[in-house]
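Let me begin by presenting the structure, written as structure tokens, before commenting on it.
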Ligand SMILES: Cc1cc2nc3c(=O)[nH]c(=O)nc-3n(C[C@H](O)[C@H](O)[C@H](O)COP(=O)(O)OP(=O)(O)OC[C@H]3O[C@@H](n4cnc5c(N)ncnc54)[C@H](O)[C@@H]3O)c2cc1C
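In this note's numbering, the protein residues as written are 20 to 297.
What follows is the structure, given as structure tokens:
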């Protein structure tokens with residue numbers, strides 16, 4: 020069985036269900052928001068783990084972000100990833116997609132040889148869908164964007180990607196980069212064994228470091244001038260709050276499941292929803 024070197028890129032994003040603050044300059048105050056694994060990256064993770072399970076190999080999860088991003092890497096370990104790299108460096112603050120793709124490119128080179136890289140389609144915060152394709156360009160790789168399914172035959176990847184009005188089938192050699200569509204298979208549940216193992220590791224920081232390596236710009240030999248604000252040509256001219264989402268939704272509270280059902284039965288309008296008080 021072939022042993023593929025599989026990389027998956029995962030990003031920690033603010034949980035949209037939590038209230039993130041807005042800084043005076045219009046940027047998101049990420050410290051105030053709850054954090055989560057970018058929902059789109061769950062599909063990339065599933066694709067990477069599928070290759071490992073079906074065709075053999077090891078999965079390396081890579082993330083760039085502040086130290087709390089270690090949380091999503093632990094989650095990736097629970098799901099069955101073999102090792103993780105976290106690029107964390109204060110000089111990366113204010114990186115736009117160009118600077119982010121450069122920093123991730125250097126991290127990938129540092130991480131070693133690979134056969135395939137899986138990225139999410141986009142993130143729920145930056146939402147540009149630029150990082151995957153930019154990374155492929157920097158690595159001079161073929162890229163299969165909007166991939167919704169694939170299989171490996173004779174060492175070649177046969178993939179189906181979404182295009183306007185339909186799908187397209189492509190055959191690509193490795194190494195290759197995919198951005199995985201959210202019509203791909205959802206991420207499987209974590210195994211009890213995986214969760215237990217990571218809980219044990221969390222109690223032994225030295226042992227955990229063997230699985231999650233934190234690197235900085237110097238270690239990966241990245242040019243700091245090409246990252247952060249200096250390396251970011253994007254200028255955010257202005258940001259504007261577009262108002263609260265949710266429209267005319269009326270929220271009800273229920274004291275018990277029975278009470279909630281009674282309340283829901285009284286709803287005459289489809290936009291009325293029930294929320295549990297507990
Ligand atoms: C001027 C400016 C300043 C900014 N300052 C900051 C800042 O200080 N802090 C900050 O967090 N963001 C900042 N951003 C946002 C940041 O540039 C983007 O979030 C980042 O470049 C990724 O772009 P995206 O979120 O649109 O990802 P997309 O291109 O939509 O992501 C596609 C896929 O690429 C991968 N990916 C993307 N980003 C990462 C990552 N960091 N690690 C691993 N995989 C990844 C994931 O697989 C993801 O699904 C700034 C943006 C601008 C324009």
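For each residue, glycine too, the CB sits at the ideal point set by N, CA and C.
Residue environment, residue i, which counts as buried when at least 16 other CB atoms sit within 10 Å
i	result
residue 169	buried
residue 211	exposed
residue 60	buried
residue 240	exposed
residue 81	buried
residue 97	buried
residue 42	exposed
residue 127	buried
residue 208	exposed
Nearest-angstrom beta carbon gap, residue j and residue i [assumed within contact, 8 Å]
i	j	result
residue 175	residue 191	7 Å
residue 106	residue 234	6 Å
residue 23	residue 134	5 Å
Beta-carbon proximity check, residue i vs residue j, cutoff 8 Å
i	j	result
residue 236	residue 49	no
residue 40	residue 51	yes
residue 35	residue 143	yes
residue 139	residue 57	yes
residue 157	residue 121	yes
residue 88	residue 199	no
residue 25	residue 77	yes
residue 194	residue 160	yes
Cut-off 6 Å between Cβ atoms - residues of its own chain near residue i, not counting five sequence neighbours on either side
i	result
residue 187	180
residue 93	217
residue 227	220
residue 178	163, 166, 169 and 189
residue 197	137, 163 and 166
residue 147	116
residue 232	104
Beta-carbon proximity list for residue i, same chain, < 8 Å, skipping 5 on both sides
i	result
residue 247	110, 111, 112, 113, 114 and 118
residue 69	204
residue 251	113, 114, 115, 117 and 118
Distance between residue j and residue i (C-alpha atoms, nearest Å)
i	j	result
residue 154	residue 163	12 Å
residue 145	residue 258	13 Å
residue 253	residue 230	35 Å
residue 244	residue 84	18 Å
residue 172	residue 99	24 Å
residue 44	residue 249	18 Å
residue 20	residue 270	The predicted position of residue 20 is uncertain, since its pLDDT is 47 and thus under 50; a value taken from the coordinates is nonetheless stated next. Using only the alpha carbons, I get a separation of about 55 Å.
residue 275	residue 108	48 Å
residue 79	residue 104	7 Å
residue 225	residue 260	44 Å
residue 116	residue 47	16 Å
residue 255	residue 123	22 Å
residue 284	residue 91	40 Å
residue 286	residue 277	15 Å
residue 184	residue 125	36 Å
residue 182	residue 71	27 Å
residue 215	residue 242	39 Å
residue 213	residue 86	22 Å
residue 206	residue 75	18 Å
Same chain only: Cβ atoms within 7 Å of residue i, ignoring 5 sequence neighbours per side
i	result
residue 32	55, 57, 142, 143 and 144
residue 37	52 and 53
residue 201	59, 62 and 140
residue 95	29, 64, 80 and 103
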